[in-house]
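Working notes, structure below.
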Amino acid sequence: MAKKKLPQRLFSTLLSLIFQGRPWLSSSKGGSTAAAFPSTPLQRQHPPMANDRLAAARTLVVDVDGGLLRSSPSGLFPYFMLVALEAGGFLRGAVLLLLYPLLCCVGIGGVLALRVMAMAAFCGLRESRFRAGRAVLPKWFMEDVAAEAFEAIRGAKRRVCVTNMPRVMVEGFLREYLGADVVVGRRMKVLCGFYTGLMEEEEVALEKKKIMLESDAVGLSGSLEFLQHPLSRCCKEVYHVTQEDKAGWQALPRAKYPKAMVFHDGRLALRPTAGSTLAMFMWLPIGAALGAARLAVALTVPYRYSTPILAATGMSWRLKGERPGPPPGHGRGRGQLFVCNHRTLIDPVYVSVALDRQVRAVSYSLSRLSELISPIGRTVRLTRDRDSDGRAMARLLDRGDLVVVCPEGTTCREPYLLRFSPLFAELSDDVVPVGIAVETSMFYATTAGGFKCLDPLYYMVNPRMCYTVQFLERVRTTAAMGREVPSTDLANLVQRKMGEALGYGCTMLTRKDKYLMLAGNDGVVRASDKCSAPPGGRIAH
Numbered sequence: 026m027a028k029k030k031l032p033q034r035l036f037s038t039l040l041s042l043i044f045q046g047r048p049w050l051s052s053s054k055g056g057s058t059a060a061a062f063p064s065t066p067l068q069r070q071h072p073p074m075a076n077d078r079l080a081a082a083r084t085l086v087v088d089v090d091g092g093l094l095r096s097s098p099s100g101l102f103p104y105f106m107l108v109a110l111e112a113g114g115f116l117r118g119a120v121l122l123l124l125y126p127l128l129c130c131v132g133i134g135g136v137l138a139l140r141v142m143a144m145a146a147f148c149g150l151r152e153s154r155f156r157a158g159r160a161v162l163p164k165w166f167m168e169d170v171a172a173e174a175f176e177a178i179r180g181a182k183r184r185v186c187v188t189n190m191p192r193v194m195v196e197g198f199l200r201e202y203l204g205a206d207v208v209v210g211r212r213m214k215v216l217c218g219f220y221t222g223l224m225e226e227e228e229v230a231l232e233k234k235k236i237m238l239e240s241d242a243v244g245l246s247g248s249l250e251f252l253q254h255p256l257s258r259c260c261k262e263v264y265h266v267t268q269e270d271k272a273g274w275q276a277l278p279r280a281k282y283p284k285a286m287v288f289h290d291g292r293l294a295l296r297p298t299a300g301s302t303l304a305m306f307m308w309l310p311i312g313a314a315l316g317a318a319r320l321a322v323a324l325t326v327p328y329r330y331s332t333p334i335l336a337a338t339g340m341s342w343r344l345k346g347e348r349p350g351p352p353p354g355h356g357r358g359r360g361q362l363f364v365c366n367h368r369t370l371i372d373p374v375y376v377s378v379a380l381d382r383q384v385r386a387v388s389y390s391l392s393r394l395s396e397l398i399s400p401i402g403r404t405v406r407l408t409r410d411r412d413s414d415g416r417a418m419a420r421l422l423d424r425g426d427l428v429v430v431c432p433e434g435t436t437c438r439e440p441y442l443l444r445f446s447p448l449f450a451e452l453s454d455d456v457v458p459v460g461i462a463v464e465t466s467m468f469y470a471t472t473a474g475g476f477k478c479l480d481p482l483y484y485m486v487n488p489r490m491c492y493t494v495q496f497l498e499r500v501r502t503t504a505a506m507g508r509e510v511p512s513t514d515l516a517n518l519v520q521r522k523m524g525e526a527l528g529y530g531c532t533m534l535t536r537k538d539k540y541l542m543l544a545g546n547d548g549v550v551r552a553s554d555k556c557s558a559p560p561g562g563r564i565a566h
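The opening position of the sequence shown corresponds to residue 26 in my numbering, with each subsequent residue numbered one higher.
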């Protein structure tokens, strides 16, 4: 291989001195790298040919970057960009994007580029507030897992996962979703509670001793560099996957996920490669202007006229099925209760658009900004006190209002339904289930750990988005009102019917489960601070 040009070598050496404390040494022309590799037997077999041998191994050492993920080790840039954008903000993401050409010059798959990306993504972040490794990144890692590699490692009795990425980025995903027993990665140095951006190697002597005592450990690698790792030298055999093999790998289907991916956080709805991140930054000024225009149209123009105007800008919606007829008690002035799953804060707005009538939405928490820009008027706030909330919704129904309630109590992005609170089944003789589905192209309009008041604005700046509203058949709830059957049974019935119509899975997870996982609290928003991330506290039941 020809030597690198002098300017490139000088630049690589300079960065290496800054981030590693020693100059970067390249192989000399005509030199061999064989001496750098251990004498571990290297098997060219790869999954699925080696599935039986890998599954029978007592200990399996997995090269996460090259042997588990479909993207090559040089494709780790999007994960650092996710950390930069979700944990640091747009400015930090822009800095990392500007460094991308320099990373390509020094070799984006190398250790030096990895250290530069870690410095740009982590430097200055507060350690105690960093939750991207558990709340944001697992979704993107899981979508990058190869089905062939997963099938090869799932039968191993003990999994030791080795990665070049900072351990804080991958440990939550590997332990919680892939059942890793040990995660070996680089540690991020911390000073006064903040990440410095510098990485240091993790001590593996104890784990190395355990593997050597077992004497039958097997390795799975996707890169020859993995053979330089101390743990790979303890393996009896190492099965290597070539880039040609990886080119034919398929993504792991959602149905085969070892654990359902129900919750995840973060604003980005696209994988932030260098190209897509550049497109996002170029779109932001245009999206901000377009979002303001969309909001102005939605607030001032009647539904029947605003729908085609907004659709021309990429903001569309569609009605699946027929609009419901008047309720049986409509002549007596009784209102109608609509029960919908919760995808974003503007779900009731699209129910109102689909009905072409004003509705009253009830919500546990809503920012003042979201309420100010809502085209359906003031939202009725619930208190999580069962009796008080029941009386508030009953008053609205008695006045003849069309009431929209989301019994999940919080949003869920993935194709799952959370547990339905049974209170709605005790308020009316019948309810109309409404299935809601949302598609966005760039940003999610929900957050667990960010600023909730910006949710509608993030939705508005998407290049394209579409709401689907589906009205289902009425469900009679008279038996629950008369205490003949438990209200929880009818709530589960409505959830099941909605899940079947949408193709979503039904769960018994709650709002508290979501916030404990994603934000480290149970999701209570103080009345005095509606535009901040929810602090910790107790939920009033």
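The beta-carbon is built from N, C-alpha and C at its ideal position, and this holds for glycine as well. None of these values were measured; they are calculated from a predicted model.
Going by C-alpha positions, Met167 is about 12 Å away from Tyr104. Counting only unbroken stretches of 3 or more residues, the beta strand (DSSP E) elements lying wholly within the stretch 121-200 are 184-191, in sequence order.
Checking the DSSP bridge columns, you'll see Asp455 partnered with Arg501.
Bridge partners of Trp342 according to DSSP: Tyr492.
Leu443 places its beta carbon less than 8 Å from that of Glu433. Between Gly339 and Met490, the CB-CB gap stays under 8 Å.
By the Cβ neighbour-count rule, Cys217 is exposed, with fewer than 16 other Cβ atoms within 10 Å of its own. By alpha-carbon distance to Val266, the top candidate from Gly91, Leu101, Leu448, Gly474 is Gly91. C-alpha of Thr325 to C-alpha of Val405: approximately 22 Å in a straight line. Residue pairing by DSSP places Thr465 opposite Met490 in a beta bridge. Collapsing the DSSP output to three states places Lys214 in a strand. Less than 8 Å divides the Cβ of Asp169 from the Cβ of Ser96. The way I'd put it, the stretch 453-468 doesn't touch the stretch 387-404; fewer than three beta-carbon pairs between them come closer than 8 Å. In the three-state reduction of the DSSP assignment, Ser301 falls in the helix class. Leu256 and Val86 have their alpha carbons spaced roughly 8 Å apart.
Nearest to Leu482 by alpha-carbon distance, out of Ala318, Gly222, Ala174, is Ala318. For Ser413, the enclosing alpha helix (DSSP H) starts and ends at 411-423. In this structure Met418 touches Val428 by the C-beta definition: roughly 6 Å separates them, less than 8 Å.
Pairing Met190 with Ser399, the inter-Cα distance amounts to about 43 Å. Gly474 and Thr436 have their alpha carbons spaced roughly 13 Å apart. Within the DSSP secondary-structure output, Gln361 pairs in a beta bridge with Leu427.
Membership of Thr369 in any beta strand (DSSP E) is not indicated, and neither H nor E is assigned to it by DSSP.
By the criterion of a C-beta distance shorter than 6 Å, Ala205 is surrounded in its chain by Arg184, Cys186, Leu199, once the five residues flanking it on both sides are discounted. Excluding residues up to 5 positions away in sequence, Glu201, Tyr202 lie with their Cβ nearer than 8 Å to the Cβ of Lys284 in the same chain. Looking at the backbone, the Cα of Ala321 and that of Glu396 are separated by about 15 Å. Between Gly415 and Gly360, the C-beta spacing is not below 8 Å. The shortest CA-to-CA distance from Ala171 to any of Ala544, Pro126, Ala294, Asp88 is the one to Asp88. Out of Leu94, Leu249, Arg438, the CA that lies nearest to the CA of Gly273 is found in Leu94. Distance from the Cα of Cys365 is smallest, within the candidate group Ile461, Leu293, Arg279, for Ile461. If you compare the alpha carbons of Thr408, Ser341, Pro310 with that of Ala323, the shortest gap goes to Ser341. Beta-bridge partners assigned by DSSP to Ala336: none are found.
By the neighbour-count criterion, in which 16 or more other beta carbons inside 10 Å mark a residue as buried, Gly114 falls on the exposed side. Excluding the 5 residues flanking it on each side, Ala276 has same chain C-beta neighbours closer than 8 Å at Arg95, Glu168, Asp169, Val170, Ala171, Ala172, in chain order. The closest CA to that of Cys259, considering only Lys271, Ser246, Gln268, Lys235, is found on Lys235.
In this structure, Ala109 is the residue among Ala109, Phe155, Ala160 with its C-alpha nearest to the C-alpha of Ala145. Shown here, Thr221 sits in a strand according to DSSP, grouped into three states.
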